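Note sheet for the following structure.
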Amino acid sequence: MEKILVTGGLGFIGSHTAVALLESGFEVIIIDDLSNASKEVLTGIQTITGVLPEFHQIDLRDKEAVSQFFKAHTDLKYAIHFAASKAVGESVSDPLLYYENNLMGLINLLNPLVSKSSGVIFSSSCTVYGQADQMPITEEAPIKPAESPYGNTKQIGEEILRDTVAAHPQLSVVALRYFNPIGAHESAEIGELPIGVPQNLVPFITQTAIGMRAQLSVWGNDYPTIDGTCIRDYIHVVDLAYAHLAALKRLIQKQQKMPFEVFNVGTGKGSSVLEVIESFERVSGQKLNYRIAERRAGDVIQAYADTTRANEVLGWKAQFTLDDAMRSAWKWEQKVRG
Ligand code: WQD
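Position one of the sequence shown corresponds to residue 25 (our numbering), numbered consecutively onward.
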């Protein structure tokens, strides 16, 4: 079976995708710089799949190290590229870190691949749409000026890929625009491991419930939505992993009509912050301690996906519900911190 490079493969989405690839019979090689992941994740992957993937600690900004890696793996043709910094707030305070890590990393990955028949799946984000004018959001929705350097690196990353496939017809690319990944593998052997105070809603909920955080602040309930809180498309990380598998099979079977394709990856359903809290309380059987606080700068009011293209072209559709995802997130939190 094909050998697949997974960059950032010890991260939240990368590790779940590595499991899905291994379970499908692919050989997986993981590159990770361990800046936002720990090597123990390898053990979690092995526990679930029975396979310990080949691992190399490499910083994709190190062009020489990347070049040496590809010289030692000349048969590598496919890569799923997760490795990037992804904290919106940090990107505002340290933009050069984000432009160097996210863009130089991508460029150093592409250089060894463009001269052979190859395929790359790029981890993009719904953040490229900013506050879209219409819901649900289709892939044709206009790309809005980025709200953060992080979001800008996703937009520029897609442009780099478009230009590169135009110049190098042997390379094919699928960009997956994730909505809000949440949850954990049902085994609770792998999951989300935010470093420090979580910025994202679901890890903050589970850390509050387990007693690590005193109280969840709901950032604003005066938005023009069903209950005043922001709406997002929360997708189970295992569903997201399966979307990468579907995209990879499309690349390998050379079914693409265009060398650069984009797909929204979400559930197609919007949930408010209060609905997520209600889901957590339902699946955990415990009340969550939260307060209504002021709005968070930069939040869009609502964002949820039109997934028609992924459903029809990739033959992929999210299967898990919000309750499934919250149940798995809680099981993971209890395993890691309980
Ligand atoms: C969701 C909702 C918050 C925390 C971010 C990135 C995006 C993508 C997904 C990488 C919002 C509210 C949150 C809290 C809260 N990441 N919230 N209290 O902002 O939609 O997207 O993560 O690709 O690029 O921007 O996700 O989980 O931070 O927030 O009320 O303590 O929860 O205001 O309405 P977001 P989030």
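Yeah, the Cβ is synthetic: ideal placement off N, Cα and C, and Gly gets one too. What you are looking at is a predicted structure, and each value in this text was computed from that prediction instead of being measured.
Quick one: give me the first and last residue of the alpha helix (DSSP H) that residue i is part of.
i, result
"P227", "L225 to I234"
"N176", "P173 to A191"
"R306", "V297 to S308"
"E78", "Per DSSP, E78 belongs to no alpha helix (DSSP H); it is in the beta strand (DSSP E), E78 to Q81."
"I72", "E64 to T73"
"D348", "L346 to R361"
"A61", "No alpha helix (DSSP H) contains A61, which DSSP labels as neither H nor E."
"V116", "V112 to S117"
"G131", "According to the sequence displayed, residue 131 carries Ile and not Gly. Segment G129 to L134, the alpha helix (DSSP H) holding I131."
"F50", "From DSSP, F50 is part of no alpha helix (DSSP H); its letter is neither H nor E."
"A89", "K87 to K95"
Let me make sure I understand the geometry here. Which of the options has the alpha-carbon closest to that of residue i?
i, options, result
"I214", "M159, G68 and A327", "G68"
"E164", "C150, L338, A170 and H192", "C150"
"S141", "A212, H192 and P166", "H192"
"D251", "G294, Q279 and A233", "G294"
"G207", "K27, L45 and W354", "W354"
"V52", "R186, R256 and I28", "I28"
"N60", "S109, T73 and S48", "S109"
"I161", "A199, V289, Q231 and L84", "V289"
"F79", "D99, V112 and S39", "S39"
"A233", "M159, E357, T331 and V197", "E357"
"V144", "P166, V152 and A107", "A107"
"D157", "R361, Q326, N335 and G362", "Q326"
"G220", "E114, S148, Q279 and K178", "E114"
"I54", "T73, N224 and I82", "I82"
Am I right that residue i and residue j are in contact with their C-beta atoms under 8 Å? What's the rounded C-beta distance?
i, j, result
"V116", "P205", "Wrong, their Cβ atoms sit about 21 Å apart, outside the cutoff."
"H209", "V262", "6 Å"
"F304", "I229", "5 Å"
"V307", "R351", "4 Å"
"A329", "G292", "6 Å"
"R201", "V65", "Not a contact, Cβ separation roughly 25 Å."
"L130", "G181", "5 Å"
"L133", "V90", "7 Å"
"G322", "V112", "7 Å"
From which residue to which residue does the beta strand (DSSP E) around residue i run?
i, result
"V30", "K27 to T31"
"N204", "N204 to I206"
"S288", "First, the amino acid is wrong: residue 288 is Asn here, not Ser. Where N288 is concerned, the enclosing beta strand (DSSP E) stretches over F284 to V289."
"H260", "Y258 to H260"
"F146", "S142 to S149"
"Y102", "Y102 to H105"
Query raised in the report: What residues sit near ligand 1, counting only those whose C-beta is closer than 6 Å to one of its heavy atoms, in chain order?
Result: K110, V112, S149, T151, Y202, N204, Q223, N224, L225, F228, L240, S241, V242, W243, C254, R256, V297, R320 and D323
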